[in-house]
Each structure stands twice: as C-alpha cells, then as structure tokens.
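Everything in the sequence shown is counted per this note's numbering, starting at 394 for the first residue and increasing by one.
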Amino acid sequence: MTNAEAAVMDHHTAPEPQPHRHTRSLARAVALVHPRPRPWLRAGLALSGWPALAATALPDGEPLRWIPILLFVTLGPGCALLLPLPGSLRPAARLEALALAAPLSLSLATLTATALFLVAGFSAPLFLGSLAVFCTVVAPLPAVPLPAATRGAAERAKPHAESPL
C-alpha cells in the first residue's frame, strides 16, 4: 500500500469532527430561549377528558370505567392549566407543576360538582363533560406561570456568616 492509498484510507475511516464547544453551548442557549413546541402534548391534554366521558358508558364497577375517570379528574384539568412548561425551566419548577396539578384538578372538580349540585343538575356525564370542555378550551392556552419559574426554581438560600443559632 502506498502513502497516498493509506492517506485515503485514513481519511475515510477518520472520526467525524465534533462540533466546537461554543457551538454546542450556543445551540443549547437558543433551545432554552426558544423551546421546541409540543403540539402533541397540548392535543393530548385537550382530548384527555373525552375518553373518561366515554368510559361512563361501560358497566358500573369495571376497572376500564373508573381508572380513566379517576386519572382524568385527579390530573386532567390541573395539567391542562400548568403544562406544557417551557423547556428552560429547572427541574424544581417542573416538579412544582406536577405537585400542583392534582390539588388544582381536585379543586376545579369540587367547584364544578358544587355548581352542578346547586342547580340540581349533577350527573356523572355532565360533570365529566364540563371538565372535558374546560380542558379542551384551556390546553391550547399558555401555561399558568409558577412562582418557582419566576424566581429561578427554588434557589438555595445563602447561609449567613454570623448566625445567632
């Protein structure tokens, strides 16, 4: 093998050049400023209540009836309000959104059920239909801002040098 053939072989087997360190950090910064849109997540949240409403047609006591209804009532409306979060948030802000989704969903379900009871029109399909319409309307809107997202997601408090305790 000649030197020219060896050079050609080395050229073909050489590893791909890695992007420069600054190029990677610039791409990461652009991704943080302009997060990728997640239309599938918004569509899933918007449509999440309709399978739960359809599950009411199944016989009473069936797991295929109560599992989707339970999941939707406990997480659906809260997730529709709080998600999707921008990709630039820290993990603490994402955790805060998930921790708030269940109480927020249950609060909305309680308000809906109370309103339906007050007008003497409560039924499971009407209750689930109201929450499903709420999710369908709210999911395409921007997420509700969170306190941890605005203050830097649970930054550590700096210890005081002269602490009396």
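Using N, Cα and C, we set each Cβ at its ideal position, and we do this for glycine too. Please read all numbers here as calculations on a predicted model, not as lab measurements.
With A445 and P461 assumed to form a contact (beta carbons below 8 Å), what rounded beta-carbon distance in angstroms separates them?
5 Å
Boundaries of the alpha helix (DSSP H) in which S441 is found, first to last residue:
Per DSSP, S441 belongs to no alpha helix (DSSP H) and is neither H nor E.
Based on Cα-Cα distance, which residue from E489, P452, A494, A525 lies nearest to T467?
A494
With distance defined between alpha-carbon atoms, name the residue in P538, V537, C528 nearest to A436.
C528
Tell me which residue opens and which closes the alpha helix (DSSP H) that P518 is part of.
517-531
For a quick check, are the C-beta atoms of S498 and G471 less than 8 Å apart?
yes
What does a CB cutoff of less than 7 Å around W443 pick up in its chain, not counting 5 residues either side in sequence?
A525
Which same chain residues end up closer than 7 Å to L457 when comparing Cβ atoms and leaving out the 5 residues on each side of it in sequence?
A448, L451
Let's test the definition: count the other Cβ atoms within 10 Å of the Cβ of E455 and tell me whether it reaches 16, buried, or not, exposed.
exposed
Of all the options W459, A473, S441, which has the alpha carbon lying nearest to the alpha carbon of P496?
A473
Thinking just about the alpha-carbon of each residue, which of F515, T505, V537 is nearest to the one in L491?
V537
Taking only three categories from DSSP, how would you classify L534?
coil
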